[in-house]
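Residue numbers (numbering that gives the first Met the number 0), protein chains in the order written: chain A, 0 to 509; chain B, 0 to 509.
A virtual CB, placed ideally from N, CA and C, is assigned to each residue, including glycine.
Below: one structure, written as structure tokens.
Number of protein chains: 2
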Amino acid sequence: MTPATQAAHYTDLVSMARKSWTLGSIAALVSWDQETYMPEGGAAARAEQSSLIARLAHEEHTHDRRGELIAECEGDAELMQDGTETAACVREMRRDYDLATKLPSDLVAALAKAQSETQEIWKHAREKDDFKSFAPALENVLSLTREKAQCYGVPAGGELYDALLNEYEPGATAKEIEAVFTPLGERLSALIADITANGTPPAIDFLYRSIPTEKQHAFGRTVTAAFGFDYNKGRLDTTTHPFCSGFGAGDTRMTTRYSETNFPDAIGSTMHECGHGLYEQGLPKEGEHCGTPLAEAVSLGIHESQSRMWENMVGRSRAFWSWALPEAKKTFGTVIDDVDLDMMVKGMNTCTPSFIRVESDEPTYNLHVMLRFGIERALMSGDLSVNDLPDAWNARFKELLGLDVPNDAQGCMQDVHWSFGLVGYFPTYTLGNLYAAQFWETINEQIPDLDEQIARGDFASLLAWCRTNIHQHGRRYSASELCMRATGKELSADPLLRHLESRVKPAYGM
Amino acid sequence: MTPATQAAHYTDLVSMARKSWTLGSIAALVSWDQETYMPEGGAAARAEQSSLIARLAHEEHTHDRRGELIAECEGDAELMQDGTETAACVREMRRDYDLATKLPSDLVAALAKAQSETQEIWKHAREKDDFKSFAPALENVLSLTREKAQCYGVPAGGELYDALLNEYEPGATAKEIEAVFTPLGERLSALIADITANGTPPAIDFLYRSIPTEKQHAFGRTVTAAFGFDYNKGRLDTTTHPFCSGFGAGDTRMTTRYSETNFPDAIGSTMHECGHGLYEQGLPKEGEHCGTPLAEAVSLGIHESQSRMWENMVGRSRAFWSWALPEAKKTFGTVIDDVDLDMMVKGMNTCTPSFIRVESDEPTYNLHVMLRFGIERALMSGDLSVNDLPDAWNARFKELLGLDVPNDAQGCMQDVHWSFGLVGYFPTYTLGNLYAAQFWETINEQIPDLDEQIARGDFASLLAWCRTNIHQHGRRYSASELCMRATGKELSADPLLRHLESRVKPAYGM
Numbered sequence: 000m001t002p003a004t005q006a007a008h009y010t011d012l013v014s015m016a017r018k019s020w021t022l023g024s025i026a027a028l029v030s031w032d033q034e035t036y037m038p039e040g041g042a043a044a045r046a047e048q049s050s051l052i053a054r055l056a057h058e059e060h061t062h063d064r065r066g067e068l069i070a071e072c073e074g075d076a077e078l079m080q081d082g083t084e085t086a087a088c089v090r091e092m093r094r095d096y097d098l099a100t101k102l103p104s105d106l107v108a109a110l111a112k113a114q115s116e117t118q119e120i121w122k123h124a125r126e127k128d129d130f131k132s133f134a135p136a137l138e139n140v141l142s143l144t145r146e147k148a149q150c151y152g153v154p155a156g157g158e159l160y161d162a163l164l165n166e167y168e169p170g171a172t173a174k175e176i177e178a179v180f181t182p183l184g185e186r187l188s189a190l191i192a193d194i195t196a197n198g199t200p201p202a203i204d205f206l207y208r209s210i211p212t213e214k215q216h217a218f219g220r221t222v223t224a225a226f227g228f229d230y231n232k233g234r235l236d237t238t239t240h241p242f243c244s245g246f247g248a249g250d251t252r253m254t255t256r257y258s259e260t261n262f263p264d265a266i267g268s269t270m271h272e273c274g275h276g277l278y279e280q281g282l283p284k285e286g287e288h289c290g291t292p293l294a295e296a297v298s299l300g301i302h303e304s305q306s307r308m309w310e311n312m313v314g315r316s317r318a319f320w321s322w323a324l325p326e327a328k329k330t331f332g333t334v335i336d337d338v339d340l341d342m343m344v345k346g347m348n349t350c351t352p353s354f355i356r357v358e359s360d361e362p363t364y365n366l367h368v369m370l371r372f373g374i375e376r377a378l379m380s381g382d383l384s385v386n387d388l389p390d391a392w393n394a395r396f397k398e399l400l401g402l403d404v405p406n407d408a409q410g411c412m413q414d415v416h417w418s419f420g421l422v423g424y425f426p427t428y429t430l431g432n433l434y435a436a437q438f439w440e441t442i443n444e445q446i447p448d449l450d451e452q453i454a455r456g457d458f459a460s461l462l463a464w465c466r467t468n469i470h471q472h473g474r475r476y477s478a479s480e481l482c483m484r485a486t487g488k489e490l491s492a493d494p495l496l497r498h499l500e501s502r503v504k505p506a507y508g509m
Numbered sequence: 000m001t002p003a004t005q006a007a008h009y010t011d012l013v014s015m016a017r018k019s020w021t022l023g024s025i026a027a028l029v030s031w032d033q034e035t036y037m038p039e040g041g042a043a044a045r046a047e048q049s050s051l052i053a054r055l056a057h058e059e060h061t062h063d064r065r066g067e068l069i070a071e072c073e074g075d076a077e078l079m080q081d082g083t084e085t086a087a088c089v090r091e092m093r094r095d096y097d098l099a100t101k102l103p104s105d106l107v108a109a110l111a112k113a114q115s116e117t118q119e120i121w122k123h124a125r126e127k128d129d130f131k132s133f134a135p136a137l138e139n140v141l142s143l144t145r146e147k148a149q150c151y152g153v154p155a156g157g158e159l160y161d162a163l164l165n166e167y168e169p170g171a172t173a174k175e176i177e178a179v180f181t182p183l184g185e186r187l188s189a190l191i192a193d194i195t196a197n198g199t200p201p202a203i204d205f206l207y208r209s210i211p212t213e214k215q216h217a218f219g220r221t222v223t224a225a226f227g228f229d230y231n232k233g234r235l236d237t238t239t240h241p242f243c244s245g246f247g248a249g250d251t252r253m254t255t256r257y258s259e260t261n262f263p264d265a266i267g268s269t270m271h272e273c274g275h276g277l278y279e280q281g282l283p284k285e286g287e288h289c290g291t292p293l294a295e296a297v298s299l300g301i302h303e304s305q306s307r308m309w310e311n312m313v314g315r316s317r318a319f320w321s322w323a324l325p326e327a328k329k330t331f332g333t334v335i336d337d338v339d340l341d342m343m344v345k346g347m348n349t350c351t352p353s354f355i356r357v358e359s360d361e362p363t364y365n366l367h368v369m370l371r372f373g374i375e376r377a378l379m380s381g382d383l384s385v386n387d388l389p390d391a392w393n394a395r396f397k398e399l400l401g402l403d404v405p406n407d408a409q410g411c412m413q414d415v416h417w418s419f420g421l422v423g424y425f426p427t428y429t430l431g432n433l434y435a436a437q438f439w440e441t442i443n444e445q446i447p448d449l450d451e452q453i454a455r456g457d458f459a460s461l462l463a464w465c466r467t468n469i470h471q472h473g474r475r476y477s478a479s480e481l482c483m484r485a486t487g488k489e490l491s492a493d494p495l496l497r498h499l500e501s502r503v504k505p506a507y508g509m
């Protein structure tokens, strides 16, 4: 694929893609700033800015000329040869174009404006635990989201929810996800029951000692720099809800959050976002692929597999803490001098139902996802109304996690996602865990001394495996193809269950 | 002016203006981020983003429909009634449209890209004092700037430089500025000679004591909050070159810079940018005027009058330090315990030629501006080539300020302006000083106890005067009309000379 020999319809198509990609990167900056540094008074003007840039991007995505060029490329047998980068690129551009042209630009602008406004309302409502002040704005975003799903169109034999899911995890359906989640949930419940009956809970008090946030930030920088995140090409800032956003080659922005009395939460969030950041930095965004699907992440599930792998498979392992605990002691000072490796690893691998998803432990996290999957599916089908959301949440929470939710701030208002109209997004978190565990088994087979490398703070082979098998491909292969190429197997729940058992049981002395 | 009764051509014109204003506010954010938080590796992608957003804004500014609507409004006698807001709004939109349509969009995009790239090159070249690595990029920006001036067109009897000047200070010409600057320069030289011969230099060593930048930042926050800057609607960050950017109602971003061993520099920069910030926060950006010239600053000279007034007329006064010195002592700790009010006020009013414009004292600052005015005028006319710039700078510096420039980092590479193609911009700084001094005399006549108010940290009447006489009018009146309405007189050099003498002579015991 040398640009000089490419047909004009292909190079023109790539130029158009690059322009809309640049608009998208500006939109990402506008949104990042809103979360990090924008003063409170800027919200109204920001909503106008977000709305305008979204409308301009949508106009580009849906330009008639783009449709014509895609059709011309599809008719070019040389470009479309099986297995070539150009064929993959045109295939993915077709997918994006079809998705984008189904949405009228007024709806896109209305959604962007509603997202920006609802997010501000959510911040205040959550602070005050006031669901009623949040409900009308949420109802508005969800109604626009339902409209969006209708525009995408319900697949044959499917439901409204599938139309949204397809945006984040191409090809996935609610029924298929239910079919994996149900047995996963049952086996997880059995594991939790076993641990509760037969295990000895590890000490965890030491995890909540007071550590100044600057020291936690310094430790997070040390760990993520060791993982391989290039800080000449990125940043780490602080927000209410951590996220990672790639603005193009050389500019990847991660955010995290800090609590003085919960350093494992901060370092977990930081390692999680770093997994996303390493994927963004590893995509081939420089040069000829810039702005094309070949420089983009394949799906949210695969993106999440990268964040989960660094957060959990690496970040809760004995090998990792063999290196990281001495580093933490250097940075934190005397406050954790008495903590030994065994305490640390056990403390990082607890299994205790709790209220907040992003603070939950690795096994129960999946139950939080299942809860949201069921709720949002019902909100879309109309089986559940926004006003009944808190009751439905609390009832289902009790069933799945056995706890009484004390208030909506710790219940159905804890996440920002629905304020953004992100419906169909949550299940990708557990898909990410499933992919991560399956990749992890393969990596350990292919790099037999990985534990030794990690124990000396050397993450280069691990990152190289991810670059080679995942990052460099962009959207060339589908998520399931990528999984098959990298691991030789279809996605299965077994590696995740094996991984969780191998980590949790020893922590409970089993 | 009630929107319900307005003609469609006017409301449509305002809608168009609002869209291009929103694009401009996004461009301002993109640029602010580049200066504050963008990682180094993001420069190439950022140049693409800046270029695209500038091209889109230019397309909006130069849209044929806008020209048609302006013409329709100009033909509407009711809208154009003398002295109305609508007439002023249409007049200023015509000015902007005529300026914008003279530039082809390719040139606008090329300039934006060159600015972004040259600015990065300048940063590194200045660090390494390497003018040669900077010269080709500067030559490119200046050549595009010359092209821009040609597109604007040279006014009858004027020169290429006037075409650029008109962008920042509508109606001003190089000859007129020369006619004010020459006597101002002579009288300033006489003042400096008098002080050198007959004055006793005040102690200034104490101004360079080491004070941690966090403490300087806290003091800057205290002072600017007291001035009336609303931090719910703005921020203060750190950059190499301080600036202020208004992103719309409720979002004004100031930046400053800190040196551990030069707190007057930081507080001076902070008060200066705060003057700009107060103007931005005082413009009527909310409601019907949003996005129109009625919500914009009238000229750079007037903008600078606001920054200079708070930095110099307020910030170097005995009244101000009566309040601010105890505040500084509270914040800085014991390091300036021995400094009394007399020392402080004298130290803030020195008059000593030095190398760096933004670190120079209040009187000699104007000589730095005159130097740049002469150099950039010659660069535009072709009398001076970029390669000869360092020599020309150093020679003229010796004439005006009597010093030998030690290197280009402290010489012709000290400012970012030319990297941005900002030619015709520097003279507005001294125009700002002239306007500020003239406003200041009137304010003190109209608020006889202003010194007492300031001495107790009360800046409310002063800010209210600025809001009423300057800020609220946007571009309704020209700079000279605004000056006449506010002070009853045409702009003159006398108030500035009187002000400087009244401050500097007592500091030198004269």
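With DSSP collapsed to three states, give me the class of residue i.
| i | result |
| --- | --- |
| A/D236 | strand |
| B/G346 | helix |
| B/S209 | coil |
| B/S188 | helix |
| B/C289 | coil |
Whole angstroms are fine: how far does the CA of residue j sit from the CA of residue i?
| i | j | result |
| --- | --- | --- |
| A/H472 | A/V422 | 27 Å |
| B/A435 | B/R93 | 29 Å |
| B/R208 | B/T221 | 20 Å |
| B/N393 | B/R125 | 16 Å |
| A/P2 | A/D11 | Caution is warranted here: a pLDDT of 46 is assigned to A/P2, below 50, making its placement in the model unreliable, and the coordinate value is therefore given only provisionally. About 11 Å. |
| A/K504 | A/D448 | 23 Å |
| B/L495 | A/G420 | 58 Å |
| A/L68 | B/Y96 | 35 Å |
| B/S477 | B/H271 | 23 Å |
| B/I453 | B/R502 | 17 Å |
| A/V13 | A/S30 | 25 Å |
| B/R54 | A/E398 | 56 Å |
| B/A189 | B/F396 | 17 Å |
| B/C411 | B/A134 | 11 Å |
Note down, in chain order, each residue of its chain lying with its Cβ closer than 7 Å to the Cβ of residue i, except the 5 sequence neighbours on either side.
| i | result |
| --- | --- |
| B/G276 | F228, G233, C243, T251, M253 |
| B/F458 | A225, F226, G227 |
| B/G219 | L235, T255, A265, I266, T269 |
Grab the span of the beta strand (DSSP E) containing residue i for me, first residue to last.
| i | result |
| --- | --- |
| B/T254 | 251-255 |
| A/S244 | 243-245 |
Spatial neighbours of residue i within its chain, please: C-beta separation below 6 Å, excluding the five flanking residues on both sides.
| i | result |
| --- | --- |
| A/M515 | Summary: the structure shown does not reach residue 515 of chain A, with chain A confined to residues 0 through 509, and so no result is reported for it. |
| B/V107 | A53, H57 |
| B/A248 | K284, E285 |
| B/T172 | G157, D161 |
| B/R371 | F425 |
| A/G381 | none |
Start and end of the alpha helix (DSSP H) containing residue i?
| i | result |
| --- | --- |
| B/S491 | Run containing B/S491: none; DSSP gives neither H nor E here. |
| B/S104 | 104-127 |
| B/F130 | 130-151 |
With respect to 8 Å, is the separation between the Cβ of residue i and the closest non-hydrogen atom of the ligand PLP below this value?
| i | result |
| --- | --- |
| B/R90 | In terms of ligand content, the structure shown is empty, and the ligand PLP therefore cannot be addressed. |
Continuous alpha helix (DSSP H) assignments of at least 4 residues falling wholly in the region 296-372 of chain B | 299-307, 317-331, 340-346
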